[in-house]
């Protein structure tokens, strides 16, 4: 477990500096989807802290590992294709390499796409950083008929190259030992020389940098010259000490543009891509007979609208079918076990401490029913959902899905990768909201958070199935989902017009599909689920105590009167139903449970059958309003953390207005269509 402990306002750079005494800092970087996170998890386990880089919303992971009684600090930087573009991930990664000055950088590269991945390696070499290359996915490369000569690659780069299979742990210890050896010796690879015409333009800048008595961040003359040539004000500031080099770089940039007829950063990128391609060609051998693959390229199959869209429908149907069948079975089994073992034990403890009065009854609401409700939703539905999500992600299918839906998502003011938080929201809104912090702009984060707040999570889905599916049928239940989906689309389109701005394009590689590994799936699912467990469960318990207090003291019934004009007059629902909709803010699935309880108290035992006092229209409207209006307290909490009180209040107010409008409309339209 990691001993790094960070508060929300702590500076991770300062925290790492404080821990650095005697402990080498190892930076992990690489392109997206190359297995960097798998390597990080193998090195650090689950003792990880996630922190925003100072001045940004992009996160990096911090952890520690022990190698032969020696501690090393591991910094997992955001996945990026380059250190020199203006994407948030690139900015954070290059700033971290300069600010932290890690003792060694481990660059994780994909053996199945070596030329593309070596571009980032060359940039790290150009920075003059000690370096080890982790050649990941060698098993996938072999499966596709590709052999990489790691020894030859190491000789060409001038740094150790260690073949690994991160998701099963093969080669992980070796790459870390090699990295610590490089850190101890401060070995840096020799800089690459690019084509002579480019070097002649860059030469005066290197000479000017070599003449400095002191260079920022201990850069080599060539590293400083390349940074200034490419343009890196976020790294170097406006220090007067480099004015002479900055002037030489400005003249070199003008000369380069005149000579090559393109922006200087494009020229440098072309030089690097040329070297990367040349190295990859030298060390790669395609096995005779070619790759062992099926007759049709899976990427094309999954991203073509003709085949990809039906596949999306089929996959989503399988996911949610599995979720509801297996989730329902697990939930039922868990509830029985809880009633048989946990509930009597908790009841006995409460009786021993508080007796049998009102206080004891309130405590049972929170410590018995509250914990049981949280776990009976969390374990069967949310954890199961994250296991399925990890399978789709580790196989590579979610990348295809993001690519396929990118054009549609742009119409909502987002891009394809935002689909992942929206899909995750079907499990729980809390981790989905937390994941939007990685989106590049406030506008995109606001739109995505609003849409997530209206996506039916597993708790709201349980209400739809319990109130509509159980009493009316599965078709009306699907109708609720369809209405919510249509409202979500309309909301996205409207917000995109209301908050105009540029939505960045989606740049993705055509990743090969992979076989998910069970350990990696379970590790990833637990890492996501524990965030729900530790953030949402305490709030659910407190909410249950509040509801219990209102119920046991009789105050709950006094709230019905003020709500009647809206609940009864506009929505056409029984007054007690309105109370449960309000209290559903504390726990969404509690709304249905509380509705049955209050109906039995008010109307007698027969009211446990909701259809005895609520019409099909009532049940449809009830489920629709519960789904759309006011996300639960747990979601509101993370919304405040992400957006502040003002924007959170706007999101909550908007969902209430939409829910009441939609509920009132359907309360009138459905009877006109012949519903009772």
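In the numbering used here, the protein residues as written are 499 to 1174. Note that beta-carbon positions come from the ideal geometry of N, C-alpha and C, so glycine has one too.
Rank 883, 866 and 1145 by C-alpha distance to the C-alpha of residue 1036 and give the top, closest one.
866
Taking the straight line between their C-alpha atoms, what separation do you get for residue 1011 and residue 810?
So the alpha carbons of these two residues sit roughly 16 Å apart.
Considering Cα atoms alone, identify which of 611, 1138 and 524 is closest to residue 594.
524
Can you list, in chain order, the residues of its chain with a C-beta nearer than 7 Å to that of residue 907? Leave out the 5 residues immediately preceding and following it.
Counting only Cβ-Cβ distances below 7 Å, and skipping sequence neighbours, we find 913, 914, 916 and 917.
Just to confirm the assignment, what range does the alpha helix (DSSP H) spanning residue 1112 have?
Careful: residue 1112 lies outside any alpha helix (DSSP H) and carries neither H nor E.
Does the stretch 1117 to 1135 come close enough to the stretch 922 to 933 to have 3 or more Cβ pairs within less than 8 Å?
yes
Can you have a look at residue 901 and say buried or exposed, based on whether 16 or more other CB atoms are within 10 angstroms of its CB?
buried
Between which two residues does the alpha helix (DSSP H) containing residue 615 stretch?
Secondary structure note for residue 615: its alpha helix (DSSP H) is the uninterrupted segment 612 to 625.
Use the C-beta contact count for residue 1051: other C-beta atoms within 10 angstroms, 16 or more gives buried, fewer gives exposed.
exposed
Beta-ladder partner(s) of residue 986, from DSSP
DSSP, once it has assigned bridges, lists no residue as partnering residue 986.
Helix or strand or just coil, what does DSSP make of residue 791?
In this prediction, residue 791 scores a pLDDT of 46, lower than 50, which makes its location untrustworthy; no coordinate-derived value is stated.
Proximity below 9 Å, CB of residue 600 to CB of residue 632
Annotated as distal: residue 600 and residue 632, with beta-carbon spacing of 9 Å or more.
Would DSSP call residue 1127 helix, strand or coil?
coil
Check the C-beta distance from residue 999 over to residue 898 and give it rounded, since I have them as a contact under 8 Å.
About 27 Å separates the two Cβ atoms, so there is no contact after all.
Run through DSSP, which three-state label would residue 562 get?
strand
Residue 644 versus 588, 1042, 1155 and 610, residue with shortest Cα-Cα distance:
Scanning 588, 1042, 1155 and 610 for the CA closest to the CA of residue 644 turns up 610.
Could you spell out where the beta strand (DSSP E) holding residue 660 opens and where it closes?
From DSSP, the beta strand (DSSP E) with residue 660 extends over 659 to 661.
Which partner residues of residue 634 appear in the DSSP bridge assignment?
608
Please list, in chain order, all residues of the same chain as residue 1109 whose beta carbon is under 7 Å from its beta carbon, the five residues on each side excluded.
Residues of the same chain with a CB within less than 7 Å of the CB of residue 1109, apart from the 5 flanking positions on each side, are 969 in chain order.
Residues of its chain near residue 664, where Cβ-Cβ distance is below 7 Å and the 5 sequence neighbours each way are ignored:
533, 536, 537, 540, 634 and 670
Quick check on the DSSP output: the beta strand (DSSP E) that includes residue 528 runs from which residue to which?
523 to 528
Would you mind working out which of 971, 839, 527 and 843 sits nearest residue 619, comparing C-alpha positions?
Nearest Cα to residue 619 within the set 971, 839, 527 and 843: 527.
So if DSSP puts residue 668 in a beta bridge, which residue, or which two residues, is it bridged to?
663
Where residue 629 falls: helix, strand or coil (DSSP):
strand
Close beta carbons around residue 746, own chain, < 7 Å, minus the five adjacent residues each side:
702, 703 and 706
For residue 573 and residue 581, I'd like the C-alpha separation in whole angstroms.
16 Å
Proximity to residue 463 [Cα-Cα], best of 716, 519 and 893
Outside the shown range of the chain (499 to 1174) lies residue 463, about which nothing can therefore be said.
Considering only the beta carbon of each residue, do residue 1057 and residue 1075 sit closer than 9 Å?
Going by C-beta atoms, residue 1057 is not nearer than 9 Å to residue 1075.
Can the beta-carbon of residue 864 be found less than 9 Å from the beta-carbon of residue 1043?
yes
How close, in whole Å, do the beta carbons of residue 944 and residue 1141 come, if the pair is a contact with beta carbons under 8 Å?
7 Å
Quick one: Cα of residue 1039 to Cα of residue 967, how far?
28 Å
In chain order, what residues of the same chain have a beta carbon less than 6 Å from the beta carbon of residue 736, not counting five sequence neighbours either side?
Summary for residue 736: the model assigns pLDDT 46, below 50, so the residue's position carries little reliability; its value from the coordinates is reported in the next sentence. Cβ neighbours of residue 736 beyond the five flanking positions: none.
So, are the CB atoms of residue 678 and residue 515 less than 9 Å apart?
no
Does residue 814 pass the burial test, meaning 16 or more other C-beta atoms within 10 Å, or should it be called exposed?
exposed
So, are the CB atoms of residue 991 and residue 941 less than 9 Å apart?
no
Burial state of residue 911, where buried means 16 or more other Cβ atoms lie within 10 Å
Residue environment analysis places residue 911 among the buried positions, since at least 16 neighbouring C-beta atoms fall within 10 angstroms of its C-beta.
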